[in-house]
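J.:
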Amino acid sequence: MRIAFVSFETVHHRDTETNQRFRTVCDLLAERGHDVHWYCAGFWAGEESTYEHDGITYHAVATGTDARSSFLLRLPFVLAATRPDVIHVGPQPPSQVVAATLGATMARAPLVLEWYGDGGIDDTRWTQLAAGRPDRIVTPSELVGTWVRELGADGDCIETIPNPIDCDRIRDVEPGAEVDVIYARRLDAGANLESLLLGLAELRDREWQATVVGDGPERAAYEQLTADLRIEDRVTFVGDLDLEDRIAAYRGAHVFAQTADHCVFPTEMLWALAAGCVGIVEYHANSSAHELVEGRDRGFRTTSEVELAEAILAAGDLEHRTYDEAFADYDRSAVADRYLERYRALRDEHGVL
-1 MRIAFVSFET VHHRDTETNQ RFRTVCDLLA ERGHDVHWYC AGFWAGEEST YEHDGITYHA
59 VATGTDARSS FLLRLPFVLA ATRPDVIHVG PQPPSQVVAA TLGATMARAP LVLEWYGDGG
119 IDDTRWTQLA AGRPDRIVTP SELVGTWVRE LGADGDCIET IPNPIDCDRI RDVEPGAEVD
179 VIYARRLDAG ANLESLLLGL AELRDREWQA TVVGDGPERA AYEQLTADLR IEDRVTFVGD
239 LDLEDRIAAY RGAHVFAQTA DHCVFPTEML WALAAGCVGI VEYHANSSAH ELVEGRDRGF
299 RTTSEVELAE AILAAGDLEH RTYDEAFADY DRSAVADRYL ERYRALRDEH GVL
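With the numbering used here, letter number 111 in the sequence shown gets 109, and the count goes up by one each step, no holes.
Right, dumping it as structure tokens:
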């Protein structure tokens, strides 16, 4: 299948969660042998109009100081000329969705909009226009799906597809040191690690050890808070770890705590849950993390530090695991299948053979 991905910006321009997600979808389909093309602003050296990298062919629709305007003007005609089976567009800028819609009409191809929602979604005329154009809108969580519906999108065309993980890779990594609680995230203003630390402080009279994975501008403040709470000898800050080391840490841990106040999809938590951790989530209106634990025996949703502490105690009654097969549906192969099933269904609806 020939798939045209459309996003003015790529991870090579700017490394954001939205751009990472779009690249991940490209990688999933390229790995399955599909013909994957990304139409974007040029980012590579030289004057070649295309650039091959990791199974993806990048096409420079525009370059130079007036690249965005040129990109929007040229995009419909470029897509029409290439005649892809499916056009898959990103939401930034939203004007590119409108341009891609015209290209999809000219190419007689279905249009899928990947709306990740990192940083929220602005309610503007352009985003409202974008929400009403595609044949299908894919979001990483029900939370983002709600935001998109609030823009006026048809709820029937919105589908939730999560970020993928690699289950084989989890099983191949040796478990690390056993700890009772682990937390992993960039330690910035949105980390809200204080909720976990305050909850742990409620359990001073119990035996436990906790690990904090990640670094950032608030790390020193959080380390000071552990001292103020008199739990500094039980909380270990290990800084940034590569994925292999994080998986090992998750396989050794019993509980993964998610307390961040903004999260469109809790990818690190998903790795940890698949690696056997019990999930404890502090509910926040702008976080989708609770969606991963709702209805699961090995998951807790809390709304306060006291409830969080109680959940940690309750989790102690659950067996320690190093892998949870319940999360096999989040494996890369399963997520790729969901995209391909959606593409084929849309092509059937369009009467494309």
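Beta carbons: idealized from backbone N, C-alpha and C, even for Gly. Since this is a predicted model, take the numbers as computed values, not measurements.
Please report the residue range of the beta strand (DSSP E) in which Ala182 lies.
T.: Val177 to Ala182
J.: Within the continuous beta strand (DSSP E) that includes Ile119, where are the two ends?
T.: Premise fails: Ile119 is in no beta strand (DSSP E) and is neither H nor E.
J.: Could you give the first and the last residue of the continuous alpha helix (DSSP H) run that contains Trp269?
T.: Thr265 to Ala272
J.: Runs of 3 residues minimum, wholly inside the segment 68 to 114: which ones carry the beta strand (DSSP E) assignment?
T.: 84 to 87 and 109 to 112
J.: Is the beta carbon of Phe263 closer than 8 Å to that of Pro160?
T.: yes
J.: Pull up the DSSP beta-bridge partners for Asp33, would you.
T.: Arg0
J.: Compute the Euclidean distance between the alpha carbons of Phe6 and Gln90, then round it to the nearest angstrom.
T.: 8 Å
J.: To which residues of the same chain is Leu351 closer than 7 Å at the C-beta, ignoring the five residues directly before and after it?
T.: Reliability of the predicted coordinates at Leu351 is poor, the pLDDT of 48 falling under 50, and the value obtained from them is presented with this limitation in mind. If we look at Leu351 and ignore the five residues flanking it on each side, it has no Cβ neighbours.
J.: Roughly how far, in whole angstroms, is the beta-carbon of Val84 from the beta-carbon of Ala107, given that I think they are within contact range, below 8 Å?
T.: 6 Å
J.: Please report the residue range of the beta strand (DSSP E) in which Gly297 lies.
T.: Looking at the DSSP string, the run of the beta strand (DSSP E) that includes Gly297 is Gly297 to Thr300.
J.: Return the bridge partner residues of Cys38 from the DSSP annotation.
T.: Ala58
J.: With 16 other CB atoms within 10 Å as the buried threshold, where does Thr209 fall?
T.: Burial of Thr209 is indicated by the presence of at least 16 other C-beta atoms within 10 angstroms of its C-beta.
J.: Once the 5 residues before and after Asp164 are set aside, which same chain residues still bring their CB inside 6 Å of it?
T.: Arg330
J.: Name the two residues that bound the continuous alpha helix (DSSP H) containing Ala307.
T.: Its alpha helix (DSSP H) spans residues Glu303 to Ala313.
J.: Do the segment 280 to 293 and the segment 169 to 183 make contact, defined as three or more Cβ pairs closer than 8 Å?
T.: no
J.: Between Ile163 and the ligand FAD, is the CB less than 7 Å from at least one heavy atom?
T.: Absence of the ligand FAD from the depicted structure is noted, as is the absence of any ligand whatsoever, leaving it without description.
J.: Since Leu201 and Ile310 are thought to touch, with beta carbons under 8 Å apart, how far apart are those beta carbons, to the nearest angstrom?
T.: Sure, about 7 Å apart at Cβ, within 8 Å.
J.: In this structure, does DSSP put Gly174 in helix, strand or coil?
T.: coil
J.: Roughly how many angstroms lie between the CA atoms of Pro138 and Ala182, to the nearest whole one?
T.: 20 Å
J.: Is Thr320 near Gly274, with beta carbons less than 8 Å apart?
T.: yes
J.: Return helix, strand or coil for Arg12, following the three-state DSSP convention.
T.: coil
J.: Start and end of the alpha helix (DSSP H) containing Ala219?
T.: Arg217 to Asp226
J.: His51 by DSSP, collapsed to three states: which one?
T.: strand
J.: So, with DSSP's three-state summary, where would you put Ala251?
T.: strand
J.: Expressed to the nearest angstrom, what Euclidean distance is found between the alpha-carbon atoms of Val142 and Trp113?
T.: So the alpha carbons of these two residues sit roughly 8 Å apart.
J.: Could you spell out the range, first to last residue, of the alpha helix (DSSP H) harbouring Gly197?
T.: Leu191 to Ala199
J.: Could you check whether the segment 146 to 155 touches the segment 11 to 18, counting it as contact only if at least three pairs of C-beta atoms, one from each stretch, sit closer than 8 Å?
T.: no
J.: Taking the alpha carbon of Gly293 as the reference point, which residue from Val279, Glu339, Asp238 and Gly188 has its own alpha carbon closest?
T.: The option with the nearest alpha carbon to Gly293 is Val279.
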